[in-house]
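Residue numbers (the numbering used here): 869 to 957. Beta carbons: idealized from backbone N, C-alpha and C, even for Gly. Reviewing the structure listed below.
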Amino acid sequence: MPLSSDLETQSDHAVGGRELELESIDFFVRLMSMLGMPRSVGEIYGLLYFSQDSLPMDQIASRLGISIGSASQGLRTLRALKAVKTAYV
């Protein structure tokens, strides 16, 4: 029986973590929108803010469902704002 309980707890943490990630992304989308920035800039910043590790651009695009071009432009904007820095992963 404890194994089932452990699996349920792990599942609850995964769901809770994903919900927190989505709320974080939504917060930054709204913040960037108030600053006149594109939605993708807020999505990227929110994802990176919540992430424990550096993420490659293709993974950012895939996780957010945006094009590589949009991810590239968003990251370029965030770098210009000194909100993110390039890390080679």
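Backbone CA spacing between residue i and residue j [nearest angstrom]
i	j	result
G904	E911	14 Å
S922	S901	24 Å
R886	Y913	16 Å
Y830	L899	Residue numbering for the chain in the displayed model covers 869 to 957; residue 830 lies beyond these limits and cannot be assessed.
R931	L946	18 Å
S892	S919	10 Å
V897	R907	6 Å
K953	I936	18 Å
L915	Q927	11 Å
Y917	M925	14 Å
Contact check, residue i vs residue j, beta carbons under 8 Å
i	j	result
V909	G933	no
Nearest-angstrom beta carbon gap, residue j and residue i [assumed within contact, 8 Å]
i	j	result
A929	A939	4 Å
Under the three-state DSSP convention, the category residue i falls into
i	result
G937	helix
M902	helix
S930	helix
D921	coil
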